[in-house]
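As structure tokens, the structure follows; a few thoughts come after it.
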Amino acid sequence: MKRRNQGVVKIFCCIFFILSFAAPHSFCQKPSFRVLAFYTTTVERDHVDFANDILPFYQKLAARENFIFDTTTNWSNLNDEVLKKYQVIVWVNEFAKNEVQRRAFENYINKGGGWLGFHVSAYNDKYTQWPWFVQFLGGAVFYTNNWPPLPAKLIVDDNKHPVTKGLPKTYISPINEWYIWKPSVRLNKDVKVLVTLDPSNYPLGKKDLITEGDCPVVWTNTRYKMLYMNMGHGDQVLTNALQNTLFAQAILWLGRKH
Ligand code: ZN
52 MKRRNQGVVK
62 IFCCIFFILS
72 FAAPHSFCQK
82 PSFRVLAFYT
92 TTVERDHVDF
102 ANDILPFYQK
112 LAARENFIFD
122 TTTNWSNLND
132 EVLKKYQVIV
142 WVNEFAKNEV
152 QRRAFENYIN
162 KGGGWLGFHV
172 SAYNDKYTQW
182 PWFVQFLGGA
192 VFYTNNWPPL
202 PAKLIVDDNK
212 HPVTKGLPKT
222 YISPINEWYI
232 WKPSVRLNKD
242 VKVLVTLDPS
252 NYPLGKKDLI
262 TEGDCPVVWT
272 NTRYKMLYMN
282 MGHGDQVLTN
292 ALQNTLFAQA
302 ILWLGRKH
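For what it's worth, the working numbering labels the leading residue of the sequence shown as 52, then goes sequentially.
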């Protein structure tokens, strides 16, 4: 009986050994990094719609590129204990609103944690009262937006950067609500602007208009491991394969950056 058990164990070991060669990526490789995405279902419909598109997009990418992509709607997970398990956190259309979450976020970022923010995640105004976050963004304070949401021509400022590589000099981005920030983050020497709203779009909007100004829409503050993207409004954002490459390269860049 004992000998038979040993035989069974040997057979299982052999199968395991063969499978680990047959499927090295899915079977035995350690995930290269871990991501936790925070989102919410209690905000405006268009912002939830985007979350419902981008989260499965990243889950599929995680399976292909061998990283972990976890999601939560519980913002109290924005604490030291949870954050230390992840190399990147993503904010989809929401941001930290209380002091406890904000301090945990600052600690995480100051220790080298990565952040990818979409659309409303960077929102701040005179009532937000979080100066650290404004400097983290490179100085951007929300100024205005276009309405209704519209497609727009975007300029790719640098298509050699790992986030934007392979993109053309310009492309038409699907329907989105575009935000303009004042002052422009381009004035900050630590900020690298990767994509900008082409001024040829102006006036952009009908009810609410963007009529002038420098309007970066994707940028990184090089003092931190962070990237902000203005896209994130509605269910059309992921309909452009070219732009989807940008979303994929963004998370891979943050996850693999050391
Ligand atoms: Zn929006």
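Ideal Cβ placement from N, Cα and C applies to all residues, glycine included.
This structure is a prediction, so every number in the text was calculated from the model and none was measured.
(1) Taking only three categories from DSSP, how would you classify Phe298?
(2) Is Gly212 near the ligand ZN, judged by its Cβ being under 7 Å from some heavy atom?
(3) When the Cβ atoms of the segment 122 to 131 are set against those of the segment 151 to 162, are three or more pairs found closer than 8 Å?
(4) Rounding to the nearest angstrom, what Cα-Cα distance links Lys233 and Phe187 in this structure?
(5) Three-state secondary structure (DSSP) at Arg307?
(6) Is the closest heavy atom of the ligand ZN to the C-beta of Asp97 under 7 Å?
(7) Would you identify the three-state DSSP class for Arg274, choosing helix, strand or coil?
(8) If you draw a straight line from the C-alpha of Ile226 to the C-alpha of Gly256, how long is it?
(9) Label Ser235 either buried or exposed according to how many other C-beta atoms from any shown protein chain fall within 10 Å of its C-beta, with 16 as the threshold for buried.
(10) Classify Ala114: buried if its beta carbon has 16 or more other beta carbons within 10 angstroms, exposed otherwise.
(11) Quick one: residues in its chain with C-beta nearer than 6 Å to the C-beta of Asn272, no 5 flanking neighbours on either side, listed in chain order?
(12) Go ahead and label Tyr109 buried or exposed: buried means 16 or more other beta carbons lie within 10 angstroms of its beta carbon, across all protein chains shown.
(13) Would the C-beta of Glu228 count as close to the ligand ZN, meaning under 7 Å from any of its heavy atoms?
(14) Taking only three categories from DSSP, how would you classify Asp121?
(15) Pairing CB atoms from the segment 251 to 269 with CB atoms from the segment 132 to 145, are three or more of them under 8 Å?
(16) To the nearest angstrom, how far is it from the Cα of Ile119 to the Cα of Leu106?
(17) Could you name the residues of the same chain whose beta carbon sits closer than 7 Å to that of Trp270, not counting the 5 residues immediately before and after it, in chain order?
(18) Please say whether Met282 and Trp166 have beta carbons closer to each other than 8 Å?
(19) In angstroms with no decimal places, state the Cα-to-Cα distance between Lys162 and Lys136.
(20) I'd like the list of long-range same chain contacts for Ala74, defined as Cβ closer than 6 Å, with 5 residues on each side in sequence excluded.
(21) Where does Trp126 fall in DSSP's three states?
(22) Can you list, in chain order, the stretches of the beta strand (DSSP E) that have 3 or more residues and sit fully within the segment 136 to 200?
Straight from the coordinates:
(1) The three-state reading of DSSP puts Phe298 in helix, counting H, G and I together.
(2) The amino acid occupying residue 212 in the given sequence is His; Gly does not appear at that position. His212 Cβ: outside cutoff for every heavy atom of the ligand ZN.
(3) At 8 Å Cβ cutoff, the stretches touch.
(4) In a straight line, the C-alpha of Lys233 is about 14 Å away from that of Phe187.
(5) Here Arg307 sits in helix by DSSP.
(6) Within the cutoff, so yes.
(7) Coil at Arg274, not helix or strand.
(8) Ile226 and Gly256: Cα-Cα distance of roughly 11 Å.
(9) That one is buried.
(10) By the 10 Å Cβ count, Ala114 comes out exposed.
(11) Closer than 6 Å at Cβ, skipping near neighbours: Gly189, Asp241, Val242.
(12) Tyr109 is buried by the Cβ-count criterion.
(13) Under cutoff, so the answer is yes.
(14) Secondary structure of Asp121 (DSSP, three-state): strand.
(15) Segments in contact, no.
(16) The straight-line gap from Cα to Cα measures roughly 12 Å.
(17) For Trp270, where only same-chain residues beyond five positions count, the Cβ hits under 7 Å are Gly189, Val236, Val242, Lys243, Val244, Leu245, Tyr279.
(18) In this structure, Trp166 sits away from Met282, with a CB-CB distance that is not shorter than 8 Å.
(19) Going by C-alpha positions, Lys162 is about 13 Å away from Lys136.
(20) Model confidence at Ala74 stands at a pLDDT of 48, short of 50, so the residue's coordinates are unreliable; what they give is reported in the following sentence. Result list for Ala74: empty, nothing under 6 Å.
(21) It is helical.
(22) You should have 139 to 143, 165 to 169, 192 to 196.
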